[in-house]
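Chains as they are written, first to last, in the UniProt record's numbering: chain A, 1 to 223; chain B, 1 to 247.
Right, dumping it as structure tokens:
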């Protein structure tokens, strides 16, 4: 910006002297002149409008006179032809500038960004469509997953059953072993008992014989 | 007498502050022709603003747009929308023209309201929006005329001129007159609105320097935008009109 200002002010200086400033014609009352070729339009300065009103006051007329007398030369130069409808070479230059701007903006903005936006729209639409299409694929995958889960479940249950069977068999075996052992011990103990019984019975038998002998002896002392 | 002198000086100072320059131009001489330098300078600034911002932002477009890119995409969508509603399905080739019209006028108008042009002193005249010079608006309006003639002729060939006697041949003079009133109304509407807006602000500032002009300035911003939109929309409508088939 600063550069631009510098540049513009640089090129302004040499041109400033060539400003044509058509013959300064000081106007006293706001006028709206219409000529055939050009519309001229001038706005009078507030000061003049104030001072030059058709007033009857003497002091104001004095003020008018003095203000005109005091007016610097630059003021007179400023009040000049005001050209609102002043057609000149600016018009074709603006046309050329506009066409240049149009081409340049099309090159750097409208075409590339438009193309980019269209491509992005297309790719997003494509992605959306592809997402819609994959619903069957998703279903298939879900079925696969269900099958896998089912198989795993079957496998696990079979393994569980087997394990159960195995453990049961083991347990039963152990129980059977224990029972056998216990039975064997019982048998042995019973056998022992039987033996002891027989022994005791035997010993008792012999004692019975003795006792009965004794009883006989006692009962029959004379014998 | 002293009192009088004092008052005169105060008046003069007030006048210096509130000087309204209408139709004062800063002339450059090119060959035998004169140009309005203040218009050219400001139009260069406007063009530079547009081009530089566009180059900076659109240089590397992202799939997920950044803030600046988002704004530029929004503007482009807006321009496309305007062109599409006015021209119809074949709006594509006209987007640059309509968009440049809208952007150039819009940035010009807003630069007149927002950029402190008055800081730069010219030897004569003053810097303002390029659109408050009749040359600019007439140039744009003539381009619009050329554009809709081109659109009609390239679409239909010489059959395009059939539209002049379209409902009945009685309307021929009016139809021909329309080709002159269209650019005239386009250019004068823009020119008058922008000039009047700037004048109103300047006059109000000269009367009440504080606070009071602010709403008018905002109104000026609003009308500036509206004028740019109207110009672009009407240009698109004229192009669409000359391209549509006869029923």
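Ideal Cβ positions, reconstructed from N, Cα and C, are used throughout, including at glycine. Keep in mind it's a predicted model, so treat the numbers as computed, not measured.
Rounded to whole angstroms, the Cβ separation of residue 239/B and residue 148/B is 5 Å, and the two are in contact under 8 Å. Between residue 230/B and residue 125/A, the alpha-carbon positions lie close to 34 Å from each other. Residue-level contact check: residue 86/B does not touch chain A, since none of the beta carbons of chain A fall below 8 Å from its beta carbon.
When 8 Å is used as the limit between beta carbons, residue 133/B is near these residues of chain A: 90, in chain order. The shortest C-alpha to C-alpha distance from residue 185/B to any of 196/B, 235/B, 157/B and 171/B is the one to 235/B. Burial is judged here by how many other beta carbons sit within 10 angstroms of a residue's own beta carbon; residue 209/B has fewer than 16 and is exposed. Cβ-Cβ distances below 8 Å link residue 132/B to 112, 191, 194, 195 and 198 in the same chain, with the five nearest sequence neighbours on each side left out; the list follows chain order.
Within the segment 103-126 of chain A, the residues whose Cβ lies closer than 7 Å to some Cβ of chain B are 104, 105, 106, 108, 109, 110, 112, 113, 114, 116, 117 and 120, listed in chain order.
Interface criterion met: the Cβ of residue 101/A is under 8 Å from a Cβ in chain B. Within a 10 Å sphere around the beta-carbon of residue 108/B sit 16 or more other beta-carbons, which makes this residue buried.
DSSP places residue 87/A in the coil class of the three-state scheme, outside both helix and strand.
Taking a Cβ-Cβ threshold of 9 Å, the residues of chain A close to residue 72/B are 109 and 113, in chain order. Residues of chain B with a Cβ closer than 8 Å to the Cβ of residue 95/A are, in chain order, 139, 142 and 143. For residue 94/B, there is no enclosing alpha helix (DSSP H), as DSSP gives it neither H nor E. Less than 8 Å divides the Cβ of residue 113/A from the Cβ of residue 76/B. Here DSSP, grouped into helix, strand and coil, assigns residue 29/B to strand. Counting only runs of 4 or more residues that sit fully inside the segment 58-139 of chain B, the alpha helix (DSSP H) segments are 67-87 and 95-114, in chain order. For the pair residue 177/B and residue 183/B, the Cα-to-Cα distance works out to about 11 Å. Between residue 102/B and the set 237/B, 232/B and 242/B, the nearest pair of CA atoms involves 232/B. Residue 26/B is a Cβ neighbour of residue 122/B, given a cutoff of 8 Å. Between residue 86/A and chain B, the shortest Cβ-Cβ separation is below 8 Å.
Residue 211/B sits in coil when the DSSP states are folded into three classes, being neither helix nor strand. The alpha carbon of residue 110/B has as its nearest neighbour, out of 211/B, 31/B, 207/B and 45/B, the alpha carbon of 45/B.
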